[in-house]
Amino acid sequence: MSNVYQIAIDGPSGSGKSTLAKGAAAKLGIMYLDTGAMYRTCGVCALKTGIEPKDEDAVKKMLETMDLKIKFEDGIQHMILNGEDVTGQIRTPEVSRAASDISSLPFVRTAMVDMQRKIAADQSFVVDGRDIGSVVLPNAKYKFFLTASPEARAKRRFLELEQKGTPQPLDEVLKDIIWRDKQDSERAASPLIKVDDAVEIDTSDIGIEETLEVLLSYIKE
Ligand code: DC
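Per the numbering used here: the sequence shown ends with 1062, consecutive numbering throughout.
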């Protein structure tokens, strides 16, 4: 199907990926897949079942019985874990850390990447994550890599958490971001990297509307 295309958006946490991916998908009338939500749901599963996210054997066993499904309702992604909609539970700082730990396990990545490729195969999708342009969809028609200073990203996350009614001190948010950056870029399995054919956009000093305009200017559909 020649009219099916994918847009890969990678970048560190807080770089604006998901807002931008959502905006681009809406503008282009295509679907949006948030792959971080999948690793977060694995993290929720580990926390719910009392499994240490770094314990390979325990996580392997967990994956064998874990029933993870993604449901799209009116374009909105819902994460269903063992029959329960856990979408509202995946954005806590505790889950962020568990997701980062669990996503460094290669067999977890293999399982998630397999699902991601199947989902994005027959329909046009904007997919965001850390390894989309490099591993999941190396043949994506468009690839973007978002960057922003840790301080700019921490400030965004800080405001987001405040708006959600779950505030965290700014210095803790920044510490968390720096810790996750290090772990996500230094892990052996599919670390966060910018591939040569990705367009890099630094979002430190530009707002989301402007970033979206820049991104859309590359899309010829
Ligand atoms: O994008 P996010 O913050 O929701 O991602 C949660 C964690 O999952 C993050 O620590 C990195 C990891 N992740 C990954 O390793 N690969 C992806 N494609 C997406 C997320």
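Yeah, the Cβ is synthetic: ideal placement off N, Cα and C, and Gly gets one too.
C-beta contact flag for residue i and residue j at 7 Å
i: TYR846; j: ALA862; result: no
i: ILE850; j: PHE985; result: yes
i: ALA939; j: GLY884; result: yes
i: THR876; j: GLY970; result: yes
i: VAL967; j: ALA961; result: no
i: VAL1055; j: ILE1034; result: no
i: SER1031; j: VAL949; result: no
i: ARG1028; j: GLY855; result: no
i: LEU1000; j: GLY864; result: no
i: MET920; j: THR933; result: no
i: ILE1019; j: ARG994; result: no
i: GLY974; j: VAL936; result: no
C-alpha gap between residue i and residue j, whole angstroms
i: GLU1003; j: GLN1009; result: 7 Å
i: ILE943; j: GLU893; result: 9 Å
i: LYS946; j: LEU909; result: It is Leu, not Lys, that sits at residue 946 in the sequence shown. Near 17 Å, if we compare the C-alpha coordinates of LEU909 and LEU946.
i: LEU978; j: ILE1060; result: 17 Å
i: ILE931; j: ALA981; result: 27 Å
i: ARG881; j: ALA887; result: 10 Å
i: LYS912; j: ARG958; result: 16 Å
i: SER941; j: LYS1005; result: 22 Å
i: LEU1057; j: THR860; result: 14 Å
i: ALA899; j: GLN918; result: 28 Å
i: GLU925; j: GLY891; result: 17 Å
i: ALA1039; j: PRO853; result: 14 Å
i: GLU1051; j: ASP896; result: 42 Å
i: SER965; j: ASP915; result: 15 Å
i: GLN1024; j: ASP955; result: 23 Å
i: LYS996; j: ASN844; result: 39 Å
i: ASP1022; j: LYS1016; result: 10 Å
Paired residues, beta bridge with residue i - DSSP
i: LYS910; result: ILE921
i: ALA849; result: VAL968, LYS984
i: ILE1042; result: LEU987
i: MET872; result: PHE966
i: GLY926; result: For the sequence presented, residue 926 should be read as Asp rather than Gly. Beta-bridge pairing links ASP926 to ILE921.
Residue i CB to nearest heavy atom of the ligand SAH below 6 Å
i: TYR1059; result: No copy of the ligand SAH occurs in the structure displayed; its ligands are the ligand DC alone.
As an exercise, report each continuous alpha helix (DSSP H) stretch of at least 4 residues that is fully enclosed by the stretch 1006-1038, in chain order. The qualifying runs are 1011-1027.
Using 8 Å as the cut-off, can you tell me whether the stretch 889-905 makes contact with the stretch 976-993, which would need three or more C-beta pairs spanning the two stretches below that distance? Counting C-beta pairs closer than 8 Å gives fewer than three between the stretch 889-905 and the stretch 976-993, which falls short of the contact rule.
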